[in-house]
Amino acid sequence: MDEVQYHIQMRKGDVGRYVLLPGDPGRCALIAERFDNAVLVAQNREFTTYTGTLDGVKVSVTSTGIGAPSTAIAVEELARIGADTFIRVGTSGGMQLEVKPGDLVIATAAVRDEGTTIQYIPLAYPAVASVEVVNALVAAAEAKKVRYHVGILHSKDSFYGQHLPETMPAADYLLSRWKAWLRGNVMASEMEASTIFVLCNIKRLRAGCIVLAAANQEIAKLEGKREVVHDLTSLIDVAIEGLRVLIRKDAERKA
Numbered sequence: 283m284d285e286v287q288y289h290i291q292m293r294k295g296d297v298g299r300y301v302l303l304p305g306d307p308g309r310c311a312l313i314a315e316r317f318d319n320a321v322l323v324a325q326n327r328e329f330t331t332y333t334g335t336l337d338g339v340k341v342s343v344t345s346t347g348i349g350a351p352s353t354a355i356a357v358e359e360l361a362r363i364g365a366d367t368f369i370r371v372g373t374s375g376g377m378q379l380e381v382k383p384g385d386l387v388i389a390t391a392a393v394r395d396e397g398t399t400i401q402y403i404p405l406a407y408p409a410v411a412s413v414e415v416v417n418a419l420v421a422a423a424e425a426k427k428v429r430y431h432v433g434i435l436h437s438k439d440s441f442y443g444q445h446l447p448e449t450m451p452a453a454d455y456l457l458s459r460w461k462a463w464l465r466g467n468v469m470a471s472e473m474e475a476s477t478i479f480v481l482c483n484i485k486r487l488r489a490g491c492i493v494l495a496a497a498n499q500e501i502a503k504l505e506g507k508r509e510v511v512h513d514l515t516s517l518i519d520v521a522i523e524g525l526r527v528l529i530r531k532d533a534e535r536k537a
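For what it's worth, this note's numbering labels the leading residue of the sequence shown as 283, then goes sequentially.
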C-alpha cells in the first residue's frame with residue numbers, strides 16, 4: 283500500500299521487514315541507538331518509529347503505546363506497509379518466584395486476558411509466538427550470558443486490576459484468576475504480547491516477545507519489600523542480537 287497509514291503516519295518503504303515493538307515511545311530512541319544510520323521516520327500519538335540497519339539490513343522500531351487496542355493498530359498498519367517479523371521488547375511483572383527482578387522472559391505464548399483479540403477470533407484460538415523467533419531470542423540470551431526464562435506470559439487490559447485488585451468491584455473474580463495463572467506456571471504479566479501473537483498468526487507473520495521482569499509482586503509479598511529494576515540494557519542487548527540471528531538465518535535460507 284502506497285498511502286500513508288492513518289495512525290502510524292507511514293507508507294511502504296518507511297520500515298524494514300523486521301520491527302521491534304516497545305510500548306513506551308521514549309524507549310524507541312534508546313533502541314534505535316543500536317541500529318546503524320537510524321533516523322526518526324514518524325511520530326504520531328503513541329506511535330514513534332525509527333528506521334536504520336543491522337548488518338546491512340533495514341530494521342525498525344515502533345512504539346505501540348500501552349495495551350492491546352493500540353498494539354493491534356500498530357501491527358495492522360505496519361504489516362500493510364511491509365513488516366513481517368515483530369518482536370515485542372518491553373517490561374513486565376514477574377509472577378513465579380524464580381523470576382527475579384532484572385531477569386528476562388522470552389515468551390512462548392500468552393494468556394489472552396484482554397478484550398481486543400476476541401474482535402478477531404474466539405478465545406479458544408491460542409496466542410503463541412513463532413518458533414523461529416523464540417529460538418533466535420534464546421540463542422541471543424545464551425550468547426549474551428544473561429539470566430532468562432522461557433514460558434507463558436499473562437496479557438491483561440487493566441494494570442490496576444492486577445496491582446490493586448482488592449479495590450475493584452470484581453475483586454473476587456480478579457484474585458481467583460490471578461491464582462489460576464500462578465498455579466498454571468505463567469511467568470510474568472504484561473499488556474501487549476497476546477495481541478501481537480494472535481494477529482501475526484492470523485496474518486501468517488512472525489512474532490516474538492522478550493520482556494524484562496522489572497519487579498515481582500509475589501516475591502515482594504514474601505519479603506515485605508519491593509525491588510524494581512529500571513535498567514533496560516540486557517533487554518535491548520538480547521533483542522538486537524535476536525534480530526541479528528533472524529537476519530542471518532533468513533539470509534542463509536535465501537542463499
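Note that beta-carbon positions come from the ideal geometry of N, C-alpha and C, so glycine has one too.
Backbone secondary structure at residue 378 - three-state DSSP = coil
Anyone know if the C-beta pair for residue 316 and residue 518 falls short of 8 Å?
-> yes
* Asked: Can you list, in chain order, the residues of its chain whose CB lies under 7 Å from that of residue 335, leaving out five sequence neighbours each side?
  -> 317, 318, 319 and 341
Can you tell me whether residue 438 is buried or exposed? The criterion is at least 16 other CB atoms within 10 Å of its CB, across all chains shown. buried
Query raised in the report: Relative to the C-alpha of residue 381, which residue among 433, 440 and 442 is closest?
Result: 433
Specify the secondary structure class of residue 455 as computed by DSSP and reduced to three states. In the three-state scheme derived from DSSP, where H, G and I count as helix and E and B as strand, residue 455 is classed as helix.
Quick one: grab the DSSP three-state call for residue 445. helix
Cα-Cα separation, residue 502 to residue 383: 10 Å
Next item on the list: Report the three-state DSSP secondary structure of residue 308 (helix, strand or coil).
Entry: helix
Reference residue 520; option with closest CA among 313, 290 and 296:
313
Using 10 angstroms around the beta-carbon of residue 454, count the other beta-carbons present and answer buried if the total reaches 16, otherwise exposed.
-> exposed
_List, from N- to C-terminal side, the beta strand (DSSP E) runs of 3 residues or more that fit wholly inside the segment 318-385._
Counting whole runs of 3 or more residues, the segment 318-385 contains the beta strand (DSSP E) stretches 318-326, 329-336, 339-344 and 367-376.
* What are the start and end residues of the beta strand (DSSP E) that includes residue 301? -> 300-303
*Tell me, please, which residues DSSP counts as bridged to residue 395.*
According to DSSP, which records beta bridges pairwise, residue 395 is partnered with 438.
With DSSP as the reference, please indicate the residues paired to residue 430 in a beta bridge.
386
Can you tell me whether residue 451 is buried or exposed? The criterion is at least 16 other CB atoms within 10 Å of its CB, across all chains shown. exposed
(Q) Please classify residue 288 as buried or exposed, where buried requires at least 16 other C-beta atoms within 10 Å of its C-beta. (A) exposed
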